[in-house]
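Just below is one structure, and these are the notes that go with it.
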Amino acid sequence: MQFKYAICYPDKEEIDFRNSPISGDQVIHIAQTYPWIEQLNYKETLDRDDMFYSPSLEFTCIENNRSFTLTAIYNERGDLEFSLWYYRPKMVRNSVGAFEKMEVDDIWAIKFDDAIKYLNIFVKGDYSIIENLYR
Numbered sequence: 142m143q144f145k146y147a148i149c150y151p152d153k154e155e156i157d158f159r160n161s162p163i164s165g166d167q168v169i170h171i172a173q174t175y176p177w178i179e180q181l182n183y184k185e186t187l188d189r190d191d192m193f194y195s196p197s198l199e200f201t202c203i204e205n206n207r208s209f210t211l212t213a214i215y216n217e218r219g220d221l222e223f224s225l226w227y228y229r230p231k232m233v234r235n236s237v238g239a240f241e242k243m244e245v246d247d248i249w250a251i252k253f254d255d256a257i258k259y260l261n262i263f264v265k266g267d268y269s270i271i272e273n274l275y276r
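Each residue of the sequence shown is one higher than the one before, starting from 142 at the first, in this note's numbering.
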């Protein structure tokens, strides 16, 4: 599978879209080497009016448009943690019936090593394990 990705910087309103296809190995390398702590520390120096995002990387599978986002935060103890956002087709019910719709769900308080582990699972296309995170 091939992926594209986007970067959200704390001080930039515009999202940096990187649309050239990359491999799953490149996805993992980018996430592992991204300067998460430096970007979070930089965010802490910004005035509220100059702040747009927590440092984030969103990886999208080109073949099926599913995406997986890592967003860095400091928890109340000052430790690095992540929220993980998963955008995928999901069955939704309403008064008329059930239908498939693209939706996003998130989970919080994930340690760095676990975030990379789940990203690796996403990259390999084992979506059932990722789905279990959001139940």
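Heads up, the beta-carbon is just placed ideally off N, CA and C, and yes, glycines get one too.
Who are the near neighbours of residue 200 in its chain, counting only those whose CB is closer than 6 Å to its CB and skipping five residues on each side?
144, 146, 168, 209
So residue 253 and residue 221 are supposed to be a Cβ contact under 8 Å. How far apart are they, rounded?
6 Å
Report all residues from its chain with a CB closer than 6 Å to the CB of residue 263; omit the five preceding and five following residues, and keep chain order.
209, 271
Going by DSSP, what residue range makes up the beta strand (DSSP E) through residue 278?
Because the chain in this structure spans residues 142 to 276, residue 278 falls outside the shown range and cannot be described.
Based on Cα-Cα distance, which residue from 158, 223, 203, 151 lies nearest to residue 191?
Proximity to residue 191 across 158, 223, 203, 151 peaks at 151, based on C-alpha coordinates.
Look up residue 156 in the DSSP assignment and say whether it is helix, strand or coil.
When DSSP states are grouped into helix, strand and coil, residue 156 belongs to the coil group.
Could you tell me which uninterrupted alpha helix (DSSP H) segments, each at least 4 residues in length, are contained entirely in the segment 214-245, listed from first to last along the chain?
Those alpha helix (DSSP H) runs which fall completely within the segment 214-245 and span 4+ residues do not exist here.
If you drop the 5 nearest sequence neighbours on each side, which residues of the same chain put their C-beta closer than 8 Å to that of residue 160?
145
What does the alpha-carbon distance come out to for the pair residue 207 and residue 230?
Within the model, the alpha-carbon separation for residue 207 versus residue 230 is close to 8 Å.
Exposed or buried, which one is residue 236 when buried takes at least 16 other CB atoms within 10 Å?
exposed
Quick one: measure Cβ to Cβ for residue 275 and residue 228, integer angstroms, because I've assumed they're closer than 8 Å.
Contact flag wrong, Cβ pair sits at about 11 Å.
Using the Cβ count rule (16 or more neighbours within 10 Å means buried), how would you classify residue 196?
buried
Whose CA, out of 250, 154, 163, 171, lies closest to the CA of residue 217?
250
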